[in-house]
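Chains as they are written, first to last, in the working numbering: chain S, 1 to 288; chain Z, 289 to 576.
Each residue gets a CB set at the ideal place from its N, CA and C atoms; glycine is no exception.
As structure tokens, the structure follows; a few thoughts come after it.
If you want it as structure tokens, here you go:
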């Protein structure tokens with residue numbers, strides 16, 4: 001599958017299913033890198049597919065039949081995680097190499113393992129690029145989205161030789177690879193990504209329900225939340241449900257944290273609040 | 289106090305107490321606009337005052353004695369709101385015109401009214417510029433911070449003729465004036481500004497307490513929160529306590545909103561989540 005680096009492209013053909021922000025940007029970068037002979041794919045949304053073809057994201061459309069997927073050297077599933085889990089469980093033709101870009105990993109590893117138990121014989125290397133923003137759809141796709149970004153791979157099998165091919169694709173578009181256990185990934189991202197999104201949806205929703213017109217009054221605070229809360233609703237509904245248990249733990253943690261601040265405000269304990277805010281303010285220095 | 293527009297500056301002298309991001313930027317803009325003969329002031333933090341003088345934020349230092357403040361045409365108090373309330377209650381020399389830039393208004397109006405009841409005879413026009421970010425101190429001050437920004441004035445007296453002078457200062461640095469009742473201001477900003485800050489502190493604190501090292505793993509979500517939570521801790525502790533009742537109501541509203549999302553995730557109700565996220569995602573279009 002993975003060819004020598006001296007001559008020709010790394011992959012004869014890469015198949016991208018889902019031509020939104022992540023899938024579309026990846027297709028553009030793979031094409032620009034010259035690492036693939038052709039980049040083909042599809043999108044279940046006909047309008048998105050047409051746009052992706054118009055924008056030159058795909059070389060051409062190829063329906064996602066098991067045979068078409070098997071014939072590609074690498075299949076990238078850039079679709080919401082619940083659909084992903086179903087596809088992985090349904091299985092692929094023997095020898096197909098599949099990766100994904102989903103924000104939740106353990107349910108996918110489990111779906112793959114279930115498919116293998118039921119006799120499927122394809123390869124799956126779970127991946128999660130830490131990239132993207134609140135925009136979505138092929139029109140949001142752009143070159144360079146993954147340059148310098150981290151991509152977390154959570155191998156589903158010990159010493160999986162196919163991890164190398166998927167890692168090569170990502171490094172070829174400028175990303176840095178980090179390998180992690182799927183469950184650890186899901187716990188960390190429940191706290192640092194999924195929880196912040198749920199909080200943003202909650203806060204903006206609370207303001208909308210209180211008085212819709214107030215949203216336009218916002219300065220710095222709420223504006224950042226409305227941007228986060230403008231992310232793809234279907235994708236985030238999938239993430240929330242797919243990472244249910246770990247996300248609920250994180251949300252319970254947030255509730256405890258809010259209660260602590262609530263009590264300090266209630267009792268007028270200004271100094272405790274300042275101490276807490278000071279501790280938190282330093283966190284920014286630890287961001288990479 | 290307020291001079292004719294044909295000759296000379298609008299104010300002979302403006303006094304700025306507090307040379308941080310807001311006070312310092314306002315001093316720079318007032319100087320650049322030529323609307324004041326001199327811009328003098330002070331800062332209770334000696335290091336900040338030295339920096340403000342080094343950076344040319346103030347023409348010169350003048351201790352904030354009641355007599356010095358009275359001699360200025362306009363006194364801008366750019367200090368945390370609890371200190372503000374105490375100063376307003378202590379009172380100023382008769383004829384002094386005072387304004388402020390605090391994020392909470394009703395406690396200031398009350399402090400001023402209390403001072404008046406006790407015989408003080410100065411003028412106070414409460415103001416709140418919707419500008420600034422997570423940076424603080426004189427080194428963060430910059431010209432143009434208020435260009436196009438809204439400034440909310442919440443007059444403490446009916447048909448106060450001094451509102452015009454304060455409004456002229458703000459329009460002179462490019463801001464747009466909006467007049468509002470103090471209590472309405474405090475309720476709106478409890479929801480659109482103070483609540484989002486408390487939530488950001490809570491979320492970042494929850495992650496720090498869960499596992500400090502995770503902060504560096506964050507992509508888009510948590511990163512925005514750490515920026516909000518990097519705001520001036522003392523200033524925000526003051527705001528939270530000063531706007532206690534209305535902020536606690538907003539925080540209770542957020543708790544209800546979080547519980548709603550928690551329940552939907554718990555019961556795996558993906559479609560309700562998507563509906564809610566969709567409704568919220570549209571809020572961004574309503575931002576000015």
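Rounded C-alpha distance that separates residue i from residue j
i                      : j                      : result
residue 440 of chain Z : residue 265 of chain S : 25 Å
residue 395 of chain Z : residue 416 of chain Z : 13 Å
residue 497 of chain Z : residue 179 of chain S : 24 Å
residue 63 of chain S  : residue 135 of chain S : 26 Å
residue 418 of chain Z : residue 438 of chain Z : 5 Å
residue 111 of chain S : residue 73 of chain S  : 22 Å
residue 491 of chain Z : residue 86 of chain S  : 32 Å
residue 392 of chain Z : residue 246 of chain S : 38 Å
residue 320 of chain Z : residue 430 of chain Z : 11 Å
residue 330 of chain Z : residue 518 of chain Z : 25 Å
residue 115 of chain S : residue 8 of chain S   : 34 Å
residue 326 of chain Z : residue 421 of chain Z : 27 Å
residue 512 of chain Z : residue 224 of chain S : 7 Å
residue 433 of chain Z : residue 562 of chain Z : 38 Å
residue 520 of chain Z : residue 166 of chain S : 44 Å
residue 532 of chain Z : residue 117 of chain S : 58 Å
residue 162 of chain S : residue 558 of chain Z : 33 Å
residue 442 of chain Z : residue 200 of chain S : 29 Å
residue 304 of chain Z : residue 337 of chain Z : 11 Å
residue 310 of chain Z : residue 283 of chain S : 24 Å
Cβ of residue i within 8 Å of any chain Z Cβ
i                      : result
residue 160 of chain S : no
residue 277 of chain S : yes
residue 228 of chain S : yes
residue 247 of chain S : yes
residue 114 of chain S : no
residue 225 of chain S : yes
residue 241 of chain S : yes
residue 280 of chain S : yes
residue 87 of chain S  : no
residue 126 of chain S : no
residue 234 of chain S : yes
residue 8 of chain S   : no
residue 175 of chain S : no
Under the three-state DSSP convention, the category residue i falls into
i                      : result
residue 176 of chain S : strand
residue 139 of chain S : helix
residue 277 of chain S : helix
residue 367 of chain Z : coil
residue 152 of chain S : strand
residue 97 of chain S  : strand
residue 509 of chain Z : helix
residue 122 of chain S : coil
residue 545 of chain Z : helix
residue 415 of chain Z : strand
residue 109 of chain S : helix
residue 241 of chain S : helix
residue 555 of chain Z : coil
residue 305 of chain S : Since the first and last residues shown for chain S are 1 and 288, residue 305 of chain S lies out of range.
Cβ of residue i within 8 Å of any chain S Cβ
i                      : result
residue 369 of chain Z : no
residue 526 of chain Z : yes
residue 490 of chain Z : yes
residue 304 of chain Z : no
residue 310 of chain Z : no
residue 571 of chain Z : yes
residue 399 of chain Z : no
residue 509 of chain Z : yes
residue 576 of chain Z : Note that residue 576 of chain Z scores 48 on pLDDT, short of 50, meaning its location in the model is unreliable and no value can be drawn from it.
key: Contact set between the segment 206-218 of chain S and chain Z, restricted to residues whose Cβ is under 7 Å from the partner   = 206, 207, 208, 210, 214, 215, 216, 217 and 218
task = Within the segment 306-364 of chain Z, note down every full alpha helix (DSSP H) run reaching 4 residues or more, in order along the chain.
result = 309-321, 334-342 and 354-359
task = Using a Cβ-Cβ cut-off of less than 7 Å, give me the residues of the segment 465-483 of chain Z that come near chain S, in sequence order.
result = 476, 479, 480, 481 and 483
ask   = Using Cβ-Cβ distances below 7 Å, what residues of the segment 323-357 of chain Z are close to chain S?
value = none
request  = Please name the residues in the segment 137-170 of chain S whose beta-carbon is closer than 7 Å to at least one beta-carbon of chain Z, in chain order.
outcome  = none
inquiry  = Quick check for students: name the residue ranges of the beta strand (DSSP E) that lie wholly in the segment 443-504 of chain Z, counting only runs of 3 or more.
reply    = 464-467
ask   = Between the segment 531-557 of chain Z and chain S, which residues of the former have CB atoms less than 7 Å from a CB of the latter, in chain order?
value = 532, 535, 536, 539, 541, 542, 543, 545, 546, 549, 550, 553, 554 and 556
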